[in-house]
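Colleague:
Numbering (full-length UniProt numbering), first residue to last: 1 to 64.
Right, dumping it as structure tokens:
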């Protein structure tokens, strides 16, 4: 399943890297594309949307 999430407090490539790492803690095989310019995160994952959002919130990047 592919999720498109908005992460308002992603401001730089380091944030994007932290977001990618947070998603990978839930699903190591997930394909993550995080764009600080648009604040969009696209995640192709087998994990639930709730699990991905919880991982992002725990890392300090709550998704809208």
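A virtual CB, placed ideally from N, CA and C, is assigned to each residue, including glycine.
Please name the residue, chosen from 44, 36, 38 and 39, that lies closest to residue 28 on a Cα-to-Cα basis.
Modeller: 44
Colleague: Write down every uninterrupted run of the alpha helix (DSSP H) in the UniProt domain "HMA" (1–64) whose length is 4 residues or greater and which is fully enclosed by it, in chain order.
Modeller: List check, alpha helix (DSSP H) in window: 13–26 and 49–58.
Colleague: Residue 26 to residue 1, Cα distance in whole Å?
Modeller: 14 Å
Colleague: Could you tell me which of 7, 6, 23 and 16 sits nearest to residue 46, measuring between CA atoms?
Modeller: 23
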